[in-house]
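Residue numbering for the sequence shown follows my numbering, beginning at 128 and increasing consecutively. Built from N, CA and C at the ideal position, the CB exists for glycine as well.
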Amino acid sequence: MQITLLVMLVIFTLINYVAYQIRNIEKNTALEIMEIALDSASEDVQRYFNIQREVMLTMAEIINTQEKVDSTQTQDIVDSFKSQSLIDNLGLLLPDNKLMWPYAKPMDFSGVLSFDEEAARGVHFSDRERSVNNRNKFVVRNFVPVVRDNKIMGMLYGRIDLNNFPEIRKKYLFDDQARFVVLDGNTGEILFNNKSNTMDNLYSLGVYDVKSGDSNEEIKNKLKKGIKGRALVKSLYSKENVYFMYKPLPINQWRICIYVPEKVVLARLRETDKMLYGLFGCELFLLLGYFLWLQRTARRELKIQKDLAEKDILTGTLNRNRFEMDLPGYAQQCSQNLFCIYIDGNGLHELNNALGHEIGDDMLRKVAVAMTEQFGKSRVYRIGGDEVVAFAFDVAQEEIENK
(Lines of atoms letter the chains of each structure in order from A and count residues from 1; the text may use other names and numbers.)
(Lines give C-alpha, C1' and ligand atoms only; values in the text may rest on other atoms or scores of the structure.)
Protein backbone atom coordinates (compact mmCIF):
# COMPACT_ATOMS: atom_id res chain seq x y z
CA MET A 1 0.00 0.00 0.00
CA GLN A 2 2.91 2.34 0.66
CA ILE A 3 4.19 1.66 -2.85
CA THR A 4 0.69 2.21 -4.22
CA LEU A 5 0.40 5.57 -2.47
CA LEU A 6 3.87 6.53 -3.65
CA VAL A 7 3.00 5.71 -7.26
CA MET A 8 -0.25 7.68 -6.94
CA LEU A 9 1.74 10.63 -5.63
CA VAL A 10 4.18 10.32 -8.53
CA ILE A 11 1.31 10.21 -11.05
CA PHE A 12 -0.39 13.18 -9.40
CA THR A 13 2.89 15.07 -9.63
CA LEU A 14 3.27 14.08 -13.28
CA ILE A 15 -0.30 15.16 -14.07
CA ASN A 16 0.35 18.53 -12.49
CA TYR A 17 3.61 18.82 -14.39
CA VAL A 18 1.86 17.97 -17.66
CA ALA A 19 -0.89 20.48 -16.83
CA TYR A 20 1.77 23.10 -16.15
CA GLN A 21 3.48 22.35 -19.47
CA ILE A 22 0.17 22.50 -21.34
CA ARG A 23 -0.57 25.85 -19.72
CA ASN A 24 2.77 27.12 -20.94
CA ILE A 25 2.09 25.76 -24.44
CA GLU A 26 -1.37 27.37 -24.49
CA LYS A 27 0.01 30.63 -23.16
CA ASN A 28 2.87 30.66 -25.65
CA THR A 29 0.46 29.84 -28.48
CA ALA A 30 -1.77 32.73 -27.45
CA LEU A 31 1.26 35.02 -27.20
CA GLU A 32 2.34 33.94 -30.68
CA ILE A 33 -1.15 34.81 -31.95
CA MET A 34 -0.84 38.17 -30.19
CA GLU A 35 2.51 38.74 -31.87
CA ILE A 36 1.06 37.85 -35.28
CA ALA A 37 -1.85 40.21 -34.62
CA LEU A 38 0.56 42.95 -33.57
CA ASP A 39 2.67 42.45 -36.71
CA SER A 40 -0.48 42.49 -38.85
CA ALA A 41 -1.73 45.67 -37.19
CA SER A 42 1.71 47.23 -37.64
CA GLU A 43 1.60 46.42 -41.36
CA ASP A 44 -1.89 47.91 -41.59
CA VAL A 45 -0.79 51.16 -39.97
CA GLN A 46 2.24 51.38 -42.25
CA ARG A 47 0.12 50.58 -45.30
CA TYR A 48 -2.44 53.22 -44.25
CA PHE A 49 0.19 55.94 -43.99
CA ASN A 50 2.11 54.77 -47.06
CA ILE A 51 -1.05 55.07 -49.15
CA GLN A 52 -1.56 58.63 -47.93
CA ARG A 53 2.08 59.43 -48.66
CA GLU A 54 1.89 57.93 -52.17
CA VAL A 55 -1.25 59.93 -52.92
CA MET A 56 0.49 63.12 -51.77
CA LEU A 57 3.65 62.33 -53.79
CA THR A 58 1.56 61.75 -56.93
CA MET A 59 -0.30 64.98 -56.29
CA ALA A 60 2.99 66.86 -55.86
CA GLU A 61 4.28 65.55 -59.20
CA ILE A 62 1.13 66.66 -61.00
CA ILE A 63 1.17 70.11 -59.35
CA ASN A 64 4.80 70.49 -60.39
CA THR A 65 3.72 70.31 -64.04
CA GLN A 66 1.64 73.47 -63.67
CA GLU A 67 3.02 76.82 -64.75
CA LYS A 68 2.27 78.40 -61.40
CA VAL A 69 2.14 76.43 -58.16
CA ASP A 70 -0.31 78.79 -56.48
CA SER A 71 -2.85 78.73 -59.28
CA THR A 72 -6.50 77.77 -59.57
CA GLN A 73 -5.37 74.72 -61.53
CA THR A 74 -3.47 73.61 -58.42
CA GLN A 75 -6.64 74.05 -56.39
CA ASP A 76 -8.50 71.85 -58.89
CA ILE A 77 -5.79 69.15 -58.63
CA VAL A 78 -5.95 69.17 -54.84
CA ASP A 79 -9.73 68.99 -54.90
CA SER A 80 -9.70 66.06 -57.37
CA PHE A 81 -7.56 64.00 -54.97
CA LYS A 82 -9.80 64.51 -51.95
CA SER A 83 -12.16 61.75 -53.05
CA GLN A 84 -9.24 59.32 -53.55
CA SER A 85 -7.67 59.72 -50.13
CA LEU A 86 -8.60 59.25 -46.49
CA ILE A 87 -6.82 62.55 -45.81
CA ASP A 88 -9.11 65.45 -45.05
CA ASN A 89 -8.28 69.15 -45.42
CA LEU A 90 -5.87 68.88 -48.33
CA GLY A 91 -3.98 72.09 -49.05
CA LEU A 92 -0.71 73.70 -50.12
CA LEU A 93 1.48 75.58 -47.62
CA LEU A 94 3.23 78.46 -49.40
CA PRO A 95 6.55 80.11 -48.46
CA ASP A 96 4.70 83.03 -46.83
CA ASN A 97 3.02 80.56 -44.41
CA LYS A 98 -0.30 80.91 -46.18
CA LEU A 99 -2.29 77.73 -46.67
CA MET A 100 -4.09 77.45 -50.00
CA TRP A 101 -7.32 75.42 -49.98
CA PRO A 102 -9.45 74.28 -52.93
CA TYR A 103 -11.81 77.06 -54.05
CA ALA A 104 -10.97 79.30 -51.10
CA LYS A 105 -8.70 82.22 -50.40
CA PRO A 106 -5.30 81.36 -48.87
CA MET A 107 -5.31 81.61 -45.08
CA ASP A 108 -2.37 82.86 -43.03
CA PHE A 109 -1.21 80.01 -40.75
CA SER A 110 1.72 81.85 -39.19
CA GLY A 111 2.15 80.69 -35.61
CA VAL A 112 0.45 77.38 -36.45
CA LEU A 113 2.55 76.12 -39.36
CA SER A 114 6.02 77.21 -40.43
CA PHE A 115 6.92 76.71 -44.09
CA ASP A 116 10.65 76.85 -43.34
CA GLU A 117 10.45 74.21 -40.60
CA GLU A 118 8.28 71.83 -42.60
CA ALA A 119 10.34 72.31 -45.78
CA ALA A 120 13.53 71.50 -43.86
CA ARG A 121 12.07 68.08 -42.91
CA GLY A 122 11.08 67.16 -46.47
CA VAL A 123 8.55 64.33 -46.87
CA HIS A 124 7.29 63.56 -43.37
CA PHE A 125 4.43 63.00 -40.97
CA SER A 126 4.06 65.18 -37.91
CA ASP A 127 3.48 63.73 -34.44
CA ARG A 128 0.16 64.10 -32.65
CA GLU A 129 -1.14 67.67 -32.85
CA ARG A 130 -4.38 69.42 -32.03
CA SER A 131 -6.61 70.40 -34.91
CA VAL A 132 -6.73 74.12 -35.64
CA ASN A 133 -10.51 73.99 -36.18
CA ASN A 134 -11.31 71.75 -33.20
CA ARG A 135 -8.91 71.85 -30.24
CA ASN A 136 -10.45 68.66 -28.82
CA LYS A 137 -9.52 66.73 -31.95
CA PHE A 138 -6.08 65.25 -32.55
CA VAL A 139 -4.57 64.91 -36.01
CA VAL A 140 -1.35 63.98 -37.83
CA ARG A 141 -0.20 66.22 -40.66
CA ASN A 142 1.36 64.83 -43.82
CA PHE A 143 3.80 67.05 -45.76
CA VAL A 144 5.29 66.53 -49.21
CA PRO A 145 7.41 69.21 -50.90
CA VAL A 146 6.66 70.51 -54.39
CA VAL A 147 10.15 71.01 -55.84
CA ARG A 148 11.06 72.87 -59.01
CA ASP A 149 14.65 73.61 -60.10
CA ASN A 150 15.90 72.35 -56.74
CA LYS A 151 13.72 74.89 -54.96
CA ILE A 152 10.75 74.05 -52.76
CA MET A 153 7.82 76.02 -54.15
CA GLY A 154 5.31 74.80 -51.59
CA MET A 155 4.59 72.07 -49.07
CA LEU A 156 1.61 69.89 -49.91
CA TYR A 157 -0.37 69.51 -46.71
CA GLY A 158 -2.85 66.82 -45.65
CA ARG A 159 -4.53 66.28 -42.30
CA ILE A 160 -5.22 62.71 -41.04
CA ASP A 161 -7.86 62.09 -38.39
CA LEU A 162 -6.30 59.86 -35.73
CA ASN A 163 -9.64 58.23 -34.96
CA ASN A 164 -9.75 56.82 -38.48
CA PHE A 165 -7.71 53.61 -38.74
CA PRO A 166 -10.37 51.40 -40.35
CA GLU A 167 -8.04 48.42 -40.89
CA ILE A 168 -7.28 48.04 -37.18
CA ARG A 169 -10.87 48.64 -36.13
CA LYS A 170 -11.93 45.66 -38.27
CA LYS A 171 -9.73 43.17 -36.38
CA TYR A 172 -11.77 40.75 -34.27
CA LEU A 173 -9.17 38.87 -32.24
CA PHE A 174 -9.56 37.14 -28.89
CA ASP A 175 -13.35 37.59 -29.00
CA ASP A 176 -12.87 41.25 -29.96
CA GLN A 177 -11.21 41.92 -26.59
CA ALA A 178 -7.81 42.90 -27.99
CA ARG A 179 -6.94 46.57 -27.58
CA PHE A 180 -4.58 48.18 -30.10
CA VAL A 181 -2.79 51.41 -29.22
CA VAL A 182 -0.43 53.54 -31.31
CA LEU A 183 1.66 55.99 -29.30
CA ASP A 184 4.60 58.36 -29.51
CA GLY A 185 7.49 56.57 -27.83
CA ASN A 186 9.21 59.81 -26.83
CA THR A 187 6.27 61.42 -25.05
CA GLY A 188 3.84 58.56 -24.43
CA GLU A 189 1.05 60.45 -26.24
CA ILE A 190 -1.55 58.05 -27.67
CA LEU A 191 -2.28 58.57 -31.36
CA PHE A 192 -4.83 55.80 -31.75
CA ASN A 193 -6.88 53.57 -29.45
CA ASN A 194 -9.27 51.13 -31.11
CA LYS A 195 -11.41 50.78 -27.97
CA SER A 196 -11.78 54.46 -27.15
CA ASN A 197 -11.70 57.85 -28.83
CA THR A 198 -9.84 59.38 -25.89
CA MET A 199 -6.21 60.34 -26.58
CA ASP A 200 -4.47 60.03 -23.20
CA ASN A 201 -0.78 59.90 -22.44
CA LEU A 202 0.26 56.32 -21.70
CA TYR A 203 3.16 57.39 -19.46
CA SER A 204 0.90 59.55 -17.30
CA LEU A 205 -1.98 57.08 -16.90
CA GLY A 206 -0.31 55.53 -13.85
CA VAL A 207 2.25 52.92 -12.92
CA TYR A 208 2.13 49.53 -14.61
CA ASP A 209 1.47 46.96 -11.91
CA VAL A 210 3.84 44.45 -13.49
CA LYS A 211 3.07 40.80 -12.69
CA SER A 212 5.85 39.26 -14.76
CA GLY A 213 8.51 40.27 -17.25
CA ASP A 214 10.21 43.65 -17.15
CA SER A 215 9.81 46.28 -14.44
CA ASN A 216 7.77 49.47 -14.93
CA GLU A 217 10.81 51.53 -15.81
CA GLU A 218 12.21 48.84 -18.13
CA ILE A 219 8.95 48.77 -20.09
CA LYS A 220 8.92 52.56 -20.37
CA ASN A 221 12.58 52.64 -21.42
CA LYS A 222 11.99 49.97 -24.07
CA LEU A 223 9.05 51.94 -25.43
CA LYS A 224 11.17 55.07 -25.57
CA LYS A 225 14.12 53.30 -27.21
CA GLY A 226 11.95 51.38 -29.68
CA ILE A 227 12.77 47.92 -28.32
CA LYS A 228 10.28 45.11 -28.82
CA GLY A 229 8.94 43.50 -25.62
CA ARG A 230 6.05 42.00 -23.65
CA ALA A 231 4.89 41.59 -20.06
CA LEU A 232 1.92 40.69 -17.88
CA VAL A 233 0.67 43.94 -16.36
CA LYS A 234 -2.28 45.42 -14.53
CA SER A 235 -4.47 47.03 -17.18
CA LEU A 236 -4.35 50.82 -17.38
CA TYR A 237 -7.99 50.81 -18.46
CA SER A 238 -9.47 48.25 -16.03
CA LYS A 239 -8.56 46.32 -12.88
CA GLU A 240 -7.76 43.04 -14.64
CA ASN A 241 -4.40 41.57 -15.62
CA VAL A 242 -3.55 41.83 -19.30
CA TYR A 243 -0.78 40.60 -21.56
CA PHE A 244 0.91 43.68 -23.01
CA MET A 245 3.04 43.47 -26.17
CA TYR A 246 4.71 46.31 -28.03
CA LYS A 247 7.03 47.02 -30.98
CA PRO A 248 8.35 50.06 -32.88
CA LEU A 249 6.75 51.44 -36.03
CA PRO A 250 8.95 52.82 -38.86
CA ILE A 251 7.14 56.15 -38.64
CA ASN A 252 8.71 58.90 -36.52
CA GLN A 253 9.16 57.48 -33.00
CA TRP A 254 5.80 55.73 -32.95
CA ARG A 255 5.11 52.41 -31.21
CA ILE A 256 2.22 49.99 -31.59
CA CYS A 257 0.91 47.98 -28.62
CA ILE A 258 -1.65 45.25 -28.04
CA TYR A 259 -3.44 44.46 -24.77
CA VAL A 260 -5.30 41.15 -24.24
CA PRO A 261 -6.89 40.19 -20.87
CA GLU A 262 -5.15 37.27 -19.18
CA LYS A 263 -8.46 35.45 -18.73
CA VAL A 264 -8.98 35.60 -22.51
CA VAL A 265 -5.44 34.40 -23.30
CA LEU A 266 -5.80 31.41 -20.93
CA ALA A 267 -9.50 30.69 -21.56
CA ARG A 268 -8.94 27.24 -23.10
CA LEU A 269 -6.94 26.08 -20.08
CA ARG A 270 -10.07 25.59 -17.99
CA GLU A 271 -11.35 22.86 -20.32
CA THR A 272 -7.87 21.35 -20.51
CA ASP A 273 -7.63 21.19 -16.71
CA LYS A 274 -10.99 19.43 -16.49
CA MET A 275 -9.87 16.75 -18.94
CA LEU A 276 -6.49 16.28 -17.28
CA TYR A 277 -7.85 15.86 -13.76
CA GLY A 278 -10.65 13.62 -15.02
CA LEU A 279 -7.97 11.44 -16.58
CA PHE A 280 -6.07 11.50 -13.29
CA GLY A 281 -9.14 10.23 -11.40
CA CYS A 282 -9.56 7.32 -13.85
CA GLU A 283 -5.88 6.44 -13.57
CA LEU A 284 -6.04 6.42 -9.78
CA PHE A 285 -8.99 4.02 -9.85
CA LEU A 286 -7.23 1.67 -12.27
CA LEU A 287 -3.95 1.86 -10.36
CA LEU A 288 -5.58 1.01 -7.07
CA GLY A 289 -7.12 -2.13 -8.57
CA TYR A 290 -3.86 -3.05 -10.26
CA PHE A 291 -1.77 -2.71 -7.12
CA LEU A 292 -4.24 -4.72 -5.03
CA TRP A 293 -3.84 -7.54 -7.55
CA LEU A 294 -0.07 -7.01 -7.63
CA GLN A 295 0.14 -7.29 -3.86
CA ARG A 296 -1.42 -10.79 -3.98
CA THR A 297 1.02 -12.03 -6.60
CA ALA A 298 4.09 -10.33 -5.09
CA ARG A 299 4.57 -12.97 -2.39
CA ARG A 300 4.65 -15.77 -4.97
CA GLU A 301 7.06 -13.82 -7.15
CA LEU A 302 9.34 -13.00 -4.22
CA LYS A 303 10.40 -16.63 -3.69
CA ILE A 304 11.15 -17.02 -7.39
CA GLN A 305 13.17 -13.81 -7.42
CA LYS A 306 15.22 -14.92 -4.43
CA ASP A 307 15.99 -18.23 -6.11
CA LEU A 308 17.16 -16.37 -9.17
CA ALA A 309 19.36 -13.96 -7.25
CA GLU A 310 22.16 -13.00 -9.56
CA LYS A 311 24.79 -11.26 -7.43
CA ASP A 312 27.48 -12.68 -5.19
CA ILE A 313 27.01 -11.14 -1.74
CA LEU A 314 30.68 -11.16 -0.76
CA THR A 315 32.31 -9.68 -3.86
CA GLY A 316 29.45 -7.89 -5.58
CA THR A 317 30.15 -9.68 -8.85
CA LEU A 318 27.59 -11.77 -10.72
CA ASN A 319 27.17 -15.28 -9.29
CA ARG A 320 27.14 -18.78 -10.73
CA ASN A 321 23.38 -18.67 -11.46
CA ARG A 322 23.86 -15.65 -13.68
CA PHE A 323 26.99 -17.25 -15.20
CA GLU A 324 24.97 -20.26 -16.32
CA MET A 325 22.19 -18.01 -17.65
CA ASP A 326 24.57 -15.79 -19.64
CA LEU A 327 26.99 -18.43 -20.91
CA PRO A 328 24.90 -19.68 -23.86
CA GLY A 329 24.40 -16.16 -25.17
CA TYR A 330 28.06 -15.13 -25.55
CA ALA A 331 28.48 -17.12 -28.75
CA GLN A 332 25.71 -15.06 -30.37
CA GLN A 333 27.07 -11.73 -29.10
CA CYS A 334 30.55 -11.98 -30.59
CA SER A 335 31.34 -11.64 -34.30
CA GLN A 336 35.15 -11.97 -34.41
CA ASN A 337 36.48 -13.61 -31.25
CA LEU A 338 35.57 -14.55 -27.70
CA PHE A 339 37.90 -14.61 -24.69
CA CYS A 340 37.25 -16.43 -21.43
CA ILE A 341 39.53 -15.38 -18.55
CA TYR A 342 39.60 -17.83 -15.63
CA ILE A 343 41.16 -16.65 -12.34
CA ASP A 344 41.96 -18.88 -9.38
CA GLY A 345 42.91 -17.00 -6.21
CA ASN A 346 45.90 -19.12 -5.10
CA GLY A 347 46.63 -19.38 -1.39
CA LEU A 348 43.15 -18.59 -0.10
CA HIS A 349 43.14 -21.59 2.23
CA GLU A 350 46.56 -20.72 3.67
CA LEU A 351 45.59 -17.06 4.04
CA ASN A 352 42.43 -17.96 5.94
CA ASN A 353 44.39 -20.25 8.25
CA ALA A 354 47.21 -17.78 8.88
CA LEU A 355 45.37 -14.43 9.10
CA GLY A 356 41.68 -15.28 9.36
CA HIS A 357 38.72 -15.46 7.02
CA GLU A 358 38.19 -11.68 7.02
CA ILE A 359 41.60 -11.25 5.38
CA GLY A 360 40.79 -14.04 2.94
CA ASP A 361 37.45 -12.39 2.11
CA ASP A 362 39.24 -9.07 1.61
CA MET A 363 41.61 -10.73 -0.83
CA LEU A 364 38.66 -12.11 -2.81
CA ARG A 365 37.03 -8.66 -2.90
CA LYS A 366 40.26 -7.11 -4.19
CA VAL A 367 40.47 -9.73 -6.91
CA ALA A 368 36.82 -9.02 -7.86
CA VAL A 369 37.44 -5.23 -7.94
CA ALA A 370 40.50 -5.66 -10.16
CA MET A 371 38.56 -7.91 -12.52
CA THR A 372 35.49 -5.63 -12.80
CA GLU A 373 37.74 -2.62 -13.41
CA GLN A 374 39.26 -4.38 -16.39
CA PHE A 375 36.28 -6.28 -17.83
CA GLY A 376 33.18 -4.50 -16.50
CA LYS A 377 30.59 -5.47 -13.91
CA SER A 378 28.29 -7.18 -16.42
CA ARG A 379 30.87 -9.78 -17.51
CA VAL A 380 32.61 -10.89 -14.29
CA TYR A 381 31.31 -13.90 -12.30
CA ARG A 382 32.33 -15.60 -9.05
CA ILE A 383 31.63 -19.24 -9.80
CA GLY A 384 33.32 -20.87 -6.80
CA GLY A 385 35.17 -20.15 -3.56
CA ASP A 386 38.23 -18.52 -5.12
CA GLU A 387 37.29 -18.89 -8.80
CA VAL A 388 36.37 -15.84 -10.90
CA VAL A 389 35.53 -15.86 -14.61
CA ALA A 390 35.36 -12.94 -17.04
CA PHE A 391 34.38 -12.69 -20.71
CA ALA A 392 35.40 -10.33 -23.49
CA PHE A 393 34.76 -10.37 -27.22
CA ASP A 394 35.60 -8.60 -30.47
CA VAL A 395 38.84 -7.07 -29.10
CA ALA A 396 42.53 -7.63 -29.86
CA GLN A 397 44.32 -10.44 -28.01
CA GLU A 398 47.10 -8.03 -27.00
CA GLU A 399 44.53 -5.81 -25.26
CA ILE A 400 43.17 -8.80 -23.34
CA GLU A 401 46.66 -9.87 -22.30
CA ASN A 402 47.33 -6.30 -21.07
CA LYS A 403 44.14 -6.34 -19.07
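- Asn379 is a Cβ neighbour of Asp311, given a cutoff of 9 Å.
- Annotation for Ala523: no alpha helix (DSSP H) segment contains it, and DSSP assigns it neither H nor E.
- In the structure shown, the three-state DSSP call for Asn290 is coil.
- Between Phe139 and Ile287, the CB-CB gap reaches or exceeds 9 Å.
- By the neighbour-count criterion, in which 16 or more other beta carbons inside 10 Å mark a residue as buried, Asn320 falls on the buried side.
- Under the three-state reduction of DSSP, Gly487 is assigned to helix.
- The beta-carbon distance between Leu403 and Ile142, rounded to whole angstroms, is 6 Å. This is short enough to meet the 8 Å contact definition.
- Rounded to whole angstroms, the separation of the alpha carbons of Tyr417 and Gln459 is 38 Å.
- Distances from the alpha-carbon of Ala358 to those of Asp521, Asp341, Tyr284 put Asp341 closest.
- It is roughly 45 Å from the alpha-carbon of Gln304 to the alpha-carbon of Ile190.
- Contact between the segment 413-428 and the segment 338-355 is not established, with fewer than three Cβ pairs separated by less than 8 Å.
- With contacts defined as CB atoms closer than 9 Å, Leu184 and Met282 fail to qualify as a contacting pair.
- The residues Asp513, Glu514, in chain order, have a CB closer than 7 Å to that of Asp471 in the same chain once the five nearest residues on each side in sequence are set aside.
- Within the same chain, Cβ atoms closer than 6 Å to the Cβ of Arg150 are found at Leu396, the five residues on either side in sequence being excluded.
- Look at the beta carbons and you see the segment 434-444 touching the segment 479-495: at least three pairs across the two are nearer than 8 Å.
- Distance check between Lys390 and each of Leu158, Gly356, Met135 places Leu158 closest, using alpha-carbon atoms only.
- Looking at the backbone, the Cα of Val145 and that of Thr399 are separated by about 11 Å.
- When DSSP states are grouped into helix, strand and coil, Gly218 belongs to the strand group.
- Val172 is not a Cβ neighbour of Met186, given a cutoff of 9 Å.
- Per DSSP, Ile383 is not a residue of any alpha helix (DSSP H); the beta strand (DSSP E) it occupies stretches across 381-388.
- Among the bridge pairs identified by DSSP, Ser258 is matched with none.
- The beta strand (DSSP E) runs of length 3 or more contained entirely in the segment 223-275 are, from start to end of the chain, 225-227, 265-275.
- The closest CA to that of Ala246, considering only Asn263, Val266, Tyr284, Lys232, is found on Tyr284.
- Its chain contains Ile468, Met498, Phe502, Arg506, Val507 as the residues whose beta carbon lies nearer than 6 Å to that of Ala517, once the 5 sequence neighbours on both sides are disregarded; these appear in chain order.
- Taking a C-beta distance under 9 Å as the contact criterion, Val392 and Met234 do not qualify as a contact pair.
- Annotated three-state conformation of Glu316 is strand, per DSSP.
- Remark: C-beta atoms of Phe307 and Cys409 do not approach each other more closely than 9 Å.
- Nearest to Ser253 by C-alpha distance, out of Arg268, Asn260, Val239, is Arg268.
- Each of Arg447, Leu411, Val196, Asn448 was checked against the Cα of Arg275, and the nearest Cα belongs to Val196.
- The three-state reading of DSSP puts Pro375 in strand, counting E and B together.
- Met280 sits in a strand when the DSSP states are folded into three classes.
- Here Lys352 has no same chain residue with a Cβ atom under 7 Å from its own Cβ, once five neighbours each way along the sequence are excluded.
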